[in-house]
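Reviewing the structure listed below.
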Amino acid sequence: EDKVVQSPLSLVVHEGDTVTLNCSYEVTNFRSLLWYKQEKKAPTFLFMLTSSGIEKKSGRLSSILDKKELFSILNITATQTGDSAVYLCAVEALAAGNKLTFGGGTRVLVKP
Amino acid sequence: GAVVSQHPSRVICKSGTSVKIECRSLDFQATTMFWYRQFPKQSLMLMATSNEGSKATYEQGVEKDKFLINHASLTLSTLTVTSAHPEDSSFYICSGSLGRGKTEAFFGQGTRLTVV
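Set out below in structure tokens:
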């Protein structure tokens, strides 16, 4: 059974801090790993990672994948209160037909 | 990105009644749609995979007779919660996929169901 574990469960930081979120996985025939941000409603897509060692960046957010150690990290630099959300990690296996297995999420609260 | 529209965003119903939730892909054809359930402060749990023109594939532990899924066209999938009970109260989210080779899922806005 595919498994995705995120850590920490939650964290509280102040504006301007940097946060690092972790996602480890066990999946048969890994295809891709995705990061989503969920505020009040549906998740919004952040990154999709398929290859090890290639950092993806979008503004203050970046993410990287290590397929040997089976984990990914999501970094948020110079955090803002608008970064407060639950960050979800999901993996897709080959032949899974786009079916995603989600981790439990990390709840981030950024205080002014 | 592609847009998935989910309605209603919030519904309150009485125990024993049925509720239908619609999920439409507005600017792409979703050969596959996924239905998730999310309890407060928990992650998304896949309920079923809906393929256009065929029966849905349900995850273990999900009652197919209770959660009826229809995917009659490439742009519309529906989830009907039949004979709803208070324990069915939850946040239901659909997502559409562009198909094989395109992993990124596009989520609907979600439906918060409260059964009283």
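Which chain is which? The protein sequence lines are X and V, in order.
The numbering used here puts the first residue of the first sequence at 10, with every later residue one more than the last.
The numbering used here puts the first residue of the second sequence at -4, with every later residue one more than the last.
No residue lacks a Cβ here, since even glycine has one placed at the ideal position from N, Cα and C.
CB contact flag (residue i, residue j, <8 Å)
i      : j      : result
X:L97  : X:L74  : no
X:G68  : X:V95  : no
X:F111 : X:V28  : no
V:L41  : X:K108 : yes
V:Q24  : X:K50  : no
V:Q33  : V:S85  : yes
X:S33  : X:L79  : yes
X:Y45  : X:F54  : yes
Bounding residues of the beta strand (DSSP E) (the contiguous stretch that carries residue i)
i      : result
X:K12  : K12 to S16
V:S68  : F62 to S68
X:K108 : No beta strand (DSSP E) contains X:K108, which DSSP labels as neither H nor E.
X:Q138 : Residue 138 of chain X cannot be examined here, being either before or after the span of chain X that is shown, 10 to 121.
X:E35  : V28 to E35
V:A43  : M40 to N46
Neighbour-count burial assignment, residue i, 16 or more Cβ in a 10 Å radius
i       : result
V:V(-2) : exposed
X:P52   : buried
V:H66   : buried
X:G21   : Note on residue identity: the sequence assigns Val, not Gly, to residue 21 of chain X. Its Cβ having fewer than 16 others within 10 Å, X:V21 is exposed.
X:T37   : exposed
V:F29   : buried
V:D60   : exposed
X:V117  : buried
V:G56   : exposed
V:S110  : What sits at residue 110 of chain V in the sequence shown is Val, not Ser. When all chains shown are included, V:V110 counts as buried.
X:G62   : exposed
V:D22   : exposed
Cut-off 8 Å between Cβ atoms - residues of its own chain near residue i, not counting five sequence neighbours on either side
i     : result
X:T90 : E24, V119, K120 and P121
V:F62 : W30, M42, A43, Y53, L74, T75, V76 and T77
V:S49 : H66
Cβ shell of residue i (< 6 Å), same chain only, five flanking positions each side left out
i      : result
V:L71  : R19
X:N84  : T29 and S71
X:V100 : V13, Y34, V36, L42 and T110
X:D92  : I85 and V119
Residues near residue i by beta carbon distance below 7 Å, same chain, minus five either side
i     : result
V:T12 : A79
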